[in-house]
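Peer 1:
Numbering (full-length UniProt numbering), first residue to last: 1 to 342.
Now the structure itself:
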């Protein structure tokens, strides 16, 4: 089968059961993403990233490159696999993010990078990408899973569905004015918290938001925007502090340079108190990116970042994304790299 034939089949696979067609991750888009230049600050940063990646084993280089959804998709789906240069380039992208997060301390960045790669391996984050997506890579990978991996996927699915349907809506919907995906989190509906489910869902949505940013920006953007609608969010439904701390630690340590801004809308007093408790645990970079916004100031803050066509009603009155969130649609119909309304 030729690559063109393969992606002709993929086009049909990207239609859900109702016939709704979603944007494809075609081979042309994959190549465009892989060819997008790495945003090095200067030559010294570039040379440091090259040294870091050279220290990695071939397996570690591939794991680092697979932080790019487009690279992983090409590796698991395309007849023509990514080249060695593609692998090294996408691994350097990941190395650069850890280098920046480590204030350009090369050894600290190397330690962080290796810890991240081990985290991804232990967590089997690749399995999150093939649980629901209608991408052809889903069916291809399902035939290769071991019984242990299939059991882990079943566990992941159960945890994510329970969290999104019964506990707290969390999804990828809309994009900002620079084509960064928006991860939206609504108020929690129950204080009951499954530790594994809470963390797995956070990782799942983070991976989807990063994939959507990469797809919509064609690899020119690496960050996502987070918007949390916490108006009327009762403290009695808040998750335990351990869950918040663990999720914060995972995101800061293993997803560096992935957050553009996090906007918390209409936070109650108890939430400010919680934020103050977490403040010492946040990196200076994370602290600078968190904004709490109220009323008209909230709308003005969000409007600068997101156009009405890409906004939900709680963000601004003229928002166009007005349909209610459907967890089943998000999980079972919207492809991994797409926004909810694509």
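Glycine included, every Cβ here is placed at the ideal spot set by N, Cα and C.
Quick caveat, the model's predicted, so the values are computed rather than measured.
1) Counting pairs of Cβ atoms below 8 Å between the region 172–182 and the region 302–312, do you hit three or more?
2) Note the first and the last residue of the continuous beta strand (DSSP E) segment covering residue 261.
3) How is the beta strand (DSSP E) around residue 345 delimited, first residue to last?
4) Alpha carbon to alpha carbon, what distance is there between residue 101 and residue 76?
5) Strictly by DSSP, which residues pair up with residue 52?
6) Using alpha carbons as the reference points, say which of 45, 155, 110, 213 lies closest to residue 199.
7) Have a look at residue 260 and residue 226 and give me their C-alpha separation to the nearest angstrom.
8) Quick one: what does DSSP say residue 311 is sitting in, helix, strand or coil?
9) Grab me the residues of residue 243's own chain with a C-beta within less than 7 Å of its C-beta, minus the 5 sequence neighbours each way, in chain order.
10) Express the C-alpha separation of residue 81 and residue 300 in angstroms, rounding to a whole number.
11) Indicate the three-state DSSP secondary structure (helix, strand or coil) for residue 114 in the structure shown.
12) Just the Cα atoms here: how many angstroms apart are residue 238 and residue 172?
13) Is the distance from the Cβ of residue 330 to the Cβ of residue 129 below 7 Å?
14) From 22, 20, 338, pick the residue whose C-alpha is nearest to that of residue 181; which is it?
15) Excluding the five sequence neighbours on either side, which residues of its own chain have a C-beta within less than 6 Å of the C-beta of residue 52, listed in chain order?
16) On the DSSP bridge assignment, give the partners of residue 175 in chain order.
17) Which residue's Cα is closest to the Cα of residue 201: 272, 159, 23?
18) Distance check for residue 263 and residue 170, CA to CA, integer angstroms please.
19) According to DSSP, is residue 91 part of a helix, a strand, or is it coil?
20) Counting pairs of Cβ atoms below 8 Å between the region 265–279 and the region 228–237, do you hit three or more?
21) Residues in the same chain with beta-carbon distance under 8 Å from residue 281, minus the five sequence neighbours each way, listed in chain order, please.
22) So, with DSSP's three-state summary, where would you put residue 21?
23) Using 8 Å for Cβ pairs, my map puts residue 70 next to residue 25. What's the rounded Cβ distance?
24) Do residue 23 and residue 342 come within 7 Å of each other at the CB atom, strictly closer than that value?
25) Tell me whether residue 328 is buried or exposed, calling it buried when 16 or more other Cβ atoms sit within 10 Å of its Cβ.
26) Can you have a look at residue 63 and say buried or exposed, based on whether 16 or more other CB atoms are within 10 angstroms of its CB?
27) For residue 227, name the three-state secondary structure that DSSP assigns.
28) Could you check if residue 139 is buried or exposed, using at least 16 other CB atoms within 10 Å of its CB as the buried criterion?
Peer 2: From the atom records:
1) Two segments are said to touch when three or more pairs of C-beta atoms, one from each, lie closer than 8 Å; by this definition the region 172–182 touches the region 302–312.
2) 259–265
3) Absent from the structure is residue 345, since the part of the chain shown begins at 1 and ends at 342.
4) 30 Å
5) Answer is none; residue 52 lacks a bridge partner.
6) 155
7) 8 Å
8) coil
9) 193, 195, 198
10) 45 Å
11) helix
12) Near 21 Å, if we compare the C-alpha coordinates of residue 172 and residue 238.
13) Not in contact: residue 330 and residue 129 (Cβ atoms no closer than 7 Å).
14) 338
15) 95, 110
16) Per DSSP, 181.
17) 159
18) Distance between residue 170 and residue 263, taken at the CA atoms: about 14 Å.
19) helix
20) yes
21) 245, 248, 249, listed in sequence order.
22) strand
23) Yes, residue 70 and residue 25 are in contact; Cβ-Cβ is about 7 Å, under 8 Å.
24) yes
25) Exposed, because fewer than 16 other Cβ atoms sit within 10 Å of the Cβ of residue 328.
26) buried
27) Three-state DSSP puts residue 227 in a strand.
28) Model confidence at residue 139 stands at a pLDDT of 49, short of 50, so the residue's coordinates are unreliable and nothing is read from them.
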